[in-house]
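Its first residue numbered 13, the sequence shown is counted upward by one per residue in the working numbering. Note that CB positions come from ideal geometry on N, CA and C, so glycine has one too. Owing to the predicted nature of the structure, the values given are computational and were not obtained by experimental measurement. Data block below; observations after.
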Amino acid sequence: MKACGCGGGDNSAKCGTKEQERTRIVESFGVFGLGERERSEILEALDSDKWDWYEECDGCTLVSEVYWPNKFFPPCLRHDFDFLTSGEGMVANARFYRIMRAYGMTRARSAVRWLGVTAAWFAWFKWRNAIAWR
């Protein structure tokens with residue numbers, strides 16, 4: 013089994029180049045046996061001109077990338093893409109859960125991670141809006 017991720021955590025400087033990280037992500041499709049739906053959703057986020065995933069992805073808020081030791085864990089990358097480009101929170105969260113399951117996470121672990129990320133985003137939006145209303 014190939015190792016996925018670079019071990020750089022949240023520090024882009026410790027990760028590979030954008031091309032190397034993209035290659036790792038695409039290679040992970042075969043390693044984890046992803047279906048066509050998940051592959052196309054992740055590729056959409058990687059290839060979109062709506063954002064620069066290498067610079068703008070911040071990983072999964074409040075949860076670690078268990079199987080992928082850097083911030084470019086594909087379920088988290090797609091979740092960031094959805095939130096930053098569409099704002100459709102619950103659709104993004106449902107997709108996040110489904111892609112985590114495709115990456116081999118148990119239902120329980122996926123649910124806990126989903127809850128952590130959802131709570132973090134909700135708290136952040138509430139905090140941001142509270143400041144904006146002042």
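Quiz prompt | Unbroken alpha helix (DSSP H) run spanning Gly-101, endpoints | solution = For Gly-101, the uninterrupted alpha helix (DSSP H) run begins and ends at 101-114, by DSSP.
Quiz item: Apart from the five residues on each side of it in sequence, which residues of its chain come closer than 7 Å, Cβ to Cβ, to Thr-130?
Solution: Short of 7 Å from the beta carbon of Thr-130, and not among the five residues preceding or following it, lie these beta carbons of its own chain, in chain order: Asn-105.
Quiz item: Whole-angstrom Cβ separation of Arg-119 and Arg-107, contact assumed at under 8 Å?
Solution: Actually they do not touch by this definition, with Cβ atoms about 16 Å apart.
Quiz prompt | Cβ-based neighbour list, Thr-29, same chain, cut-off 7 Å, excluding 5 preceding and 5 following | solution = The beta carbon of Thr-29 is closer than 7 Å to none in its chain, skipping five residues each way along the sequence.
Quiz item: Thinking just about the alpha-carbon of each residue, which of Phe-134, Met-112 and Val-124 is nearest to the one in Phe-44?
Solution: Nearest C-alpha to Phe-44 among Phe-134, Met-112 and Val-124: Met-112.
Quiz item: For Gly-71 versus Lys-83, is the C-beta distance shorter than 8 Å?
Solution: Yes, these two residues count as a Cβ contact at 8 Å.
Quiz item: Using the beta-carbon count (16 or more within 10 Å), is Arg-125 buried or exposed?
Solution: With 16 or more Cβ atoms within 10 Å of its Cβ, Arg-125 is classed as buried.
Quiz item: DSSP on Lys-154, reduced to helix/strand/coil?
Solution: The displayed coordinates of the chain run from 13 to 146. Any statement about residue 154 would go beyond what the structure contains.
Exercise. Would you grab the beta carbon distance between Ala-57 and Phe-93 for me? Rounded to a whole angstrom, and I think it's under 8 Å.
Key: Between Ala-57 and Phe-93 a beta carbon distance of about 4 Å is seen, short of the 8 Å cut, so the two are scored as contacting.
Exercise. Give the single residue among Phe-134, Pro-87 and Gly-101 whose Cα lies nearest to the Cα of Ser-122.
Key: Taking only the C-alpha atoms, the option nearest Ser-122 is Pro-87.
Quiz item: Should Arg-36 go down as buried or exposed, given a rule of 16 or more other Cβ atoms within 10 Å for buried?
Solution: Result: buried.
Self-check item: Rounded distance between the beta-carbons of Glu-68 and Leu-46, thought under 8 Å
Solution: Between Leu-46 and Glu-68, the beta carbon gap of about 23 Å keeps them out of contact (Cβ cut-off 8 Å).
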